[in-house]
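Each remark here refers to the structure printed beneath this line.
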Amino acid sequence: MPKSYSEQEREYIRKRLKEEAAKCLARYGVRRTTVDELVKRVNIPKGTFYLFYKSKELLLFEVIQEQQRSINDKLYQAISDIVDTSFSAEKLTDVIFEFYKKTEEMLILGMLNVDEVELLARKLPREIVEEHLQDDTDTIEKMLALFPVKREVDIKVISSAFHAVYYATLHKAEIGEEHYDKALRVLIYGIVTQIV
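Below you can see the structure in the form of structure tokens.
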């Protein structure tokens, strides 16, 4: 019979699981992070883990989403700031470019490679992935509402284009270090000029 936890204990365990999952994800990646390692670090029985998450992938994905939300909030604020001051396609490109660079610097998001992202997406329930993609589209729509956008812009296409840029960041080595930043900026500028 599983142990019953108070709301305070549940909050604490969930918080600790996310903290340790973030550390493991940054250090080991998706594939080598195990439930056994997580429960050992949090000092809970393995069965307790499954009271909180159906799989390690759901926990890891939640941790990644929280980091992404934090970055998106900062991006929204930065776009808001330039709209209030001196908005231009170049300035918007600069802000979005910095967003992608910050994503690369974050331990968790920066260490994920194409295989890790694909593995995680494959192991997640389809509705979770679809919900995530819709959240991304909603976030982009919210950001686009800050400034005048061309009437014919399809938000879903723009969202997909920014996803494509994200996937390009996972191929930095293949693109080539010396041209990567310039190529990334060109891609972003190309999308931005389609919007404004």
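Numbered per the numbering used here, the sequence shown spans residues 49 to 244. Each residue gets a CB set at the ideal place from its N, CA and C atoms; glycine is no exception.
Determine, using beta carbons only, whether LEU232 and PHE145 come nearer to each other than 8 Å. Yes, the Cβ-Cβ distance between LEU232 and PHE145 is below 8 Å.
Secondary structure of MET154, DSSP reduced to three states: Coil, per DSSP.
I'd like to check one pair, ILE236 with THR141: are the Cβ atoms closer than 8 Å? For the pair THR141 and ILE236, the CB atoms are nearer than the 8 Å cut-off.
Does the distance from the C-beta atom of PHE109 to that of ILE61 stay below 8 Å? The answer is no: Cβ separation not under 8 Å.
heavy atom of the ligand NAD below 7 Å from SER208 C-beta: The ligand NAD is not among the ligands present in this structure, which contains no ligands whatsoever.
Report all residues from its chain with a CB closer than 6 Å to the CB of LYS171; omit the five preceding and five following residues, and keep chain order. Answer for LYS171: GLU105, listed in chain order.
Quick one: residues in its chain with C-beta nearer than 8 Å to the C-beta of ILE203, no 5 flanking neighbours on either side, listed in chain order? For ILE203, same chain residues with a beta-carbon under 8 Å away, outside a window of 5 residues either side, are THR185, ILE188, GLU189, LEU192 in chain order.
Distance between beta carbons of LEU65 and PHE100, contact taken as under 8 Å: That belief holds up - the Cβ atoms of PHE100 and LEU65 are roughly 6 Å apart, short of 8 Å.
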